[in-house]
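Visitor: Going down the list, the sequences are from chains A and B. The numbering of the first sequence is our numbering, which starts it at 11 and goes up by one. The numbering of the second sequence is our numbering, which starts it at 299 and goes up by one.
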Amino acid sequence: MIVYIPGPLRSYTGKKSELQVAAATLDELLLLLDSDFPGFRFRIVDEQGAIRTHIKIFVDEEQVRSLGTQLRGRSRIHIICALSGGC
Amino acid sequence: MTNLLIGTRKGAFILRSDGARREWKLAGPILLGHSVHHLMLDPRDGRTLLLAARTGHLGPTVLRSRDFGRTWKEAERPPAFHKAPEGQKGRVVDHVFWLTPGHVSETGVWYAGTSPQGLFRSTDGGCTWDGVDGFNENPMRALWCGGDQDGTPDGPKLHSVLIDPRDPMHIYVGLSQGGVFESRDAGSSWQPINKGQAADFLPDPNVPYGHDPHCVRLHPLAPDILYQQNHCGIYRMDRSEGAEWIRIGNAMPKRVGDVGFAMVLHPRRPSIAWVFPMDGTSVWPRTSPGGKPAVYATRTSGKTWRRQDRGLPKSHAWLTVKRQAMCTDTSDPVGVYFGTTNGEIWGSRDEGEHWSCLARHLPHVYSVEAAER
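1. Runs of 3 residues minimum, wholly inside the segment 496-562 of chain B: which ones carry the beta strand (DSSP E) assignment?
2. Counting pairs of Cβ atoms below 8 Å between the segment 79-90 of chain A and the segment 609-618 of chain B, do you hit three or more?
3. Using a Cβ cut-off of 7 Å, which residues of the segment 60-73 of chain A contact any Cβ in chain B, in chain order?
4. Gly49 of chain A CB to nearest chain B CB: under 8 Å?
5. Mind listing which residues of the segment 411-433 of chain B have their C-beta closer than 9 Å to chain A's C-betas, in chain order?
6. Could you spell out the range, first to last residue, of the beta strand (DSSP E) harbouring Arg671 of chain B?
7. Have a look at Glu372 of chain B and Ile54 of chain A and give me their C-alpha separation to the nearest angstrom.
8. With DSSP as the reference, identify every bridge partner of Asn301 of chain B, one or two as the case may be.
9. Identify the continuous alpha helix (DSSP H) that holds Phe50 of chain A and give its terminal residues.
10. Measure the C-alpha to C-alpha separation of Trp572 of chain B and Leu524 of chain B and round it to an integer number of angstroms.
11. Tell me which residues of the segment 369-390 of chain B have at least one Cβ-Cβ distance to chain A shorter than 7 Å, keeping chain order.
12. Which residues in chain A have a C-beta closer than 8 Å to the C-beta of Gly641 of chain B? List them in chain order.
13. Which residue from B:Val430, B:His509, B:Val407 and B:Thr300 puts its Cα closest to that of Ser420 of chain B?
14. Are the C-beta atoms of Gly367 of chain B and some chain A residue less than 8 Å apart?
15. Check the Cβ of Asp56 of chain A against every Cβ in chain B and list those closer than 7 Å, keeping chain order.
16. Using a Cβ-Cβ cutoff of less than 8 Å, which residues in the same chain neighbour Asn548 of chain B once the five nearest sequence positions on both sides are dropped?
17. On the DSSP bridge assignment, give the partners of Val663 of chain B in chain order.
18. Drop a sphere of 10 angstroms on the beta-carbon of Glu71 of chain A, count the other beta-carbons inside from all chains shown, and report buried for 16 or more, exposed for fewer.
19. Are the Cβ atoms of Thr638 of chain B and Ala668 of chain B separated by less than 8 Å?
20. Can you pull the chain B neighbours of Arg86 of chain A, defined as C-beta to C-beta under 7 Å?
Structure follows, in structure tokens:
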């Protein structure tokens, strides 16, 4: 599956905007990314396991709020910094 | 040399003086675009900096520099509350607001205060952080701090983490809202020390907690002496005389009042302090009263106050100085500095007698700390 990384998080991914990752759930995906890029997950998921207020995650073209969301091998995951992030 | 460590809404900056504190050179931005609520030097090694940051989108974190800001590394485990049991609502750190190096005898220890009110401790120089459960999990915490409507417009805060230089177990914190609290066992248990403070925004002004200290200071050479700029005035407490706050702001001119955010102390003379009053009337504009900014200084432990505005704008300067945005250096005479919500840094190298603008056009200033090296 392909994960699209927004600009504000590319300081973690060595400026890469797309990553190829294999994971069964969104939670597993973000843990894998955090393993490769320490600190990545906490910037977008809070300590209670919720996606942060101004972050949106789309699996294929559907917005998801649960880290338990199942992923498919060909899923396209967009991590989006919402327009509500501030001036 | 004096360095001013500046946290702003859009990144951090370091303003460095020459030996005479006449010429200043600005470096930065560091982490452009991040809201930096606090940037602090570790005085125990003179080179390690800790920085509290978040962005509008991304969650809160702490970064460390071991080379005075040239390179930065993010904390491996930033401050975060415990995950709540299934079915219960847990708390979430919105931003790390305050950073305090630990006692001189405790190398690597740091404390962080957060919004909403939480206290965190690192024992490895800011790399990993754990909650101080004696506060964060205290069964009284919700009563002390109130609910979501009891904080500041920018979120309720734990600030003014003060370590008694005589005893690393003795810690004070300020809660907005909540009051001043102290622990004598390194944070395992806490007691409110709010007697004497007004709380005129509450139906019962004589409550044991629920007050709003904006900035609390402890004198490093006379640690029984505490000062605070409170939502309801300026106060002083001498622990050797008791545990009651005395409102020393009553001696301020009535047309100015004694509301403000920031307060700083002379590093050697406990009777000398400075405040930056703001307009706390009607809807609380939180600007300089009348648009005429001024520092007020006491050299008499608050019995008398004197206006210090030479060099500051004379009119139409509707600015605010936030609670971490004022500091002193340790030179003789002492340098006094403040940063404004409209992105200016002002300094005086003669204890407030004359002011000059050291930098302008910065983002909204959240914090200014002096670091001499």
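Even for Gly, the Cβ is constructed at its ideal location relative to N, Cα and C. None of these values were measured; they are calculated from a predicted model.
Guide: Reading off the structure:
1. For the segment 496-562 of chain B, the continuous beta strand (DSSP E) assignments of 3+ residues that do not extend past its boundaries occur at 511-516, 523-528 and 531-536, in sequence order.
2. no
3. Arg62, His64 and Ile65
4. yes
5. none
6. It is not in any beta strand (DSSP E) - Arg671 of chain B carries neither H nor E in the DSSP assignment.
7. 15 Å
8. B:Arg314 and B:Ala669
9. Phe50 to Ile54
10. 13 Å
11. Flagged, chain order: Glu372, Glu374, Pro376, Ala378, Phe379, Lys381, Ala382, Gly388 and Val390.
12. Within 8 Å Cβ-Cβ: nothing; Gly641 of chain B doesn't reach chain A, min ~14 Å.
13. B:Val407
14. Interface with chain A (8 Å Cβ-Cβ cutoff): Gly367 of chain B is excluded.
15. Gly357 and Val390
16. In its chain, beyond the 5 residues on either side, Gly531 and Asp556 have a beta carbon closer than 8 Å to the beta carbon of Asn548 of chain B.
17. B:Thr306
18. exposed
19. no
20. In chain order: nothing, as chain B lies at least about 21 Å away.
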